[in-house]
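A.B. asks:
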Amino acid sequence: MRAVILAAGRGDRLRDVIGEGNKCLAPIGGLTLLERQIRSLRGCGIDAITIVAGYRAADIRRVCDNSIDIVVNTDYDTTNSLYSLWLTRDRLRGGFVVLNGDVLFHDQLLGDLLTSRDEDALLMAAHRGEDYSDEEMKIRVRAGCVADIAKTLPPADTDGENVGIAKFGAEGATVLVEALDEAVAGGDGTRHFLPRAFATFARRRPLRVVETRGFPWIEIDFPEDYRRACADVLPAIAGVGDIDARAEDDNPSGGDDERAGRLVHHV
51 MRAVILAAGR GDRLRDVIGE GNKCLAPIGG LTLLERQIRS LRGCGIDAIT
101 IVAGYRAADI RRVCDNSIDI VVNTDYDTTN SLYSLWLTRD RLRGGFVVLN
151 GDVLFHDQLL GDLLTSRDED ALLMAAHRGE DYSDEEMKIR VRAGCVADIA
201 KTLPPADTDG ENVGIAKFGA EGATVLVEAL DEAVAGGDGT RHFLPRAFAT
251 FARRRPLRVV ETRGFPWIEI DFPEDYRRAC ADVLPAIAGV GDIDARAEDD
301 NPSGGDDERA GRLVHHV
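Counting in my numbering, the sequence shown runs from 51 upward without gaps.
1) Using only the alpha-carbon positions, how far apart do L159 and R139 sit?
2) Using C-beta distances below 6 Å, list every residue in its chain close to G151, excluding the 5 sequence neighbours before and after it, in chain order.
3) In chain order, which alpha helix (DSSP H) runs of at least 4 residues are fully inside the segment 145 to 178?
4) Tell me which residue opens and which closes the alpha helix (DSSP H) that D97 is part of.
5) Looking at C-alpha atoms only, which residue of D127, V102, A216 is the closest neighbour of D119?
6) Give the secondary structure of G219 by DSSP, where H, G and I count as helix, E and B as strand, and everything else as coil.
7) Quick one: measure Cβ to Cβ for L83 and L230, integer angstroms, because I've assumed they're closer than 8 Å.
8) Does D62 pass the burial test, meaning 16 or more other C-beta atoms within 10 Å, or should it be called exposed?
9) With DSSP collapsed to three states, give me the class of T195.
10) Taking just the CA atoms, how far does F146 sit from N157?
11) What does a CB cutoff of less than 8 Å around L81 pick up in its chain, not counting 5 residues either side in sequence?
12) Going by DSSP in three states, L203 sits in which element: helix, strand or coil?
13) In terms of residue numbering, what span does the alpha helix (DSSP H) encompassing V113 cover?
14) What runs of the beta strand (DSSP E), each 3 residues or longer, lie entirely inside the segment 115 to 147?
15) What are the residues that DSSP puts in a beta bridge with E269?
16) Could you have a look at G59 and say whether DSSP puts it in helix, strand or coil?
17) Looking at the C-beta of A235, does it have a partner C-beta in chain B at a distance below 8 Å?
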């Protein structure tokens with residue numbers, strides 16, 4: 051399976067905390083966000099990695115080794131993530147996992163998605179009473195599948211939030227590429243977020259939901275997101291691993307103890 055990391059955007063809203071750099075190169079605990087995603091992918095056995103760069107693409111090239119494929123979206127300032135993935139369409143046919151380049155997440159989330167029995171699925175943080183705004187990419191679920199996905203969904207009709215990581219098998223990839231082709235051919239589709247194509251896909255083929263189960267993650271869009279990623283989410287990610295290890299030592303035979311990761315929410 052191939053991984054595609056979407057990292058073309060400028061990230062203007064983070065300029066006050068990361069300066070003029072690409073937000074996927076923002077340092078979090080000694081590693082950049084991009085390095086953390088690459089490490090997570092390789093930890094799951096995925097070595098075929100494509101990064102869609104755009105703004106300051108040369109900076110991304112400098113931090114990646116030669117095994118990583120770079121596709122440059124030269125129109126990054128007038129297009130969006132749907133178009134960025136479309137640029138990689140010839141690489142998707144065998145199946146792939148796609149990640150938004152601005153997400154910090156616990157490795158278990160990627161593992162859960164990749165090992166789920168459904169070929170086509172995305173990660174969703176189930177609604178736990180949070181107040182949703184216009185910023186969240188909201189999901190409506192029916193029978194375990196995406197019924198709709200958009201920022202404009204009414205909060206009362208929303209079952210959870212899109213994490214920004216999805217996978218598609220070979221057949222699903224073909225269907226998604228068709229949806230991408232249609233959106234780009236329509237002209238204005240180049241300006242849409244990738245989930246617009248997910249919504250089209252979900253009307254043609256089941257797109258299952260894999261819940262985060264409380265494992266920590268955060269999408270970094272605003273300065274407060276970056277500060278929380280460094281101060282709260284990264285320690286929570288490390289803490290889950292530490293607590294899990296202790297739990298295994300205390301309960302070597304397994305059992306029904308509640309896993310620590312299920313107690314840590316999207317913070």
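Each residue gets a CB set at the ideal place from its N, CA and C atoms; glycine is no exception. On a predicted model such as this, the values are computed, not experimentally measured, just so you know.
C.D. replies: Straight from the coordinates:
1) 25 Å
2) I55, L56, A57, C74
3) 157 to 165
4) That residue, D97, is in no alpha helix (DSSP H); it is neither H nor E in DSSP.
5) V102
6) coil
7) Not a contact, Cβ separation roughly 25 Å.
8) exposed
9) Correcting the residue type first, residue 195 is Cys in the shown sequence and not Thr. In this structure, C195 counts as strand in the three-state DSSP scheme.
10) According to the sequence as given, residue 157 is Asp; it is not Asn. Whole-angstrom Cα-Cα distance: 17 Å.
11) R89
12) coil
13) 107 to 113
14) 119 to 122
15) V153
16) coil
17) The displayed structure is made up of one protein chain only, and chain B is not part of it.
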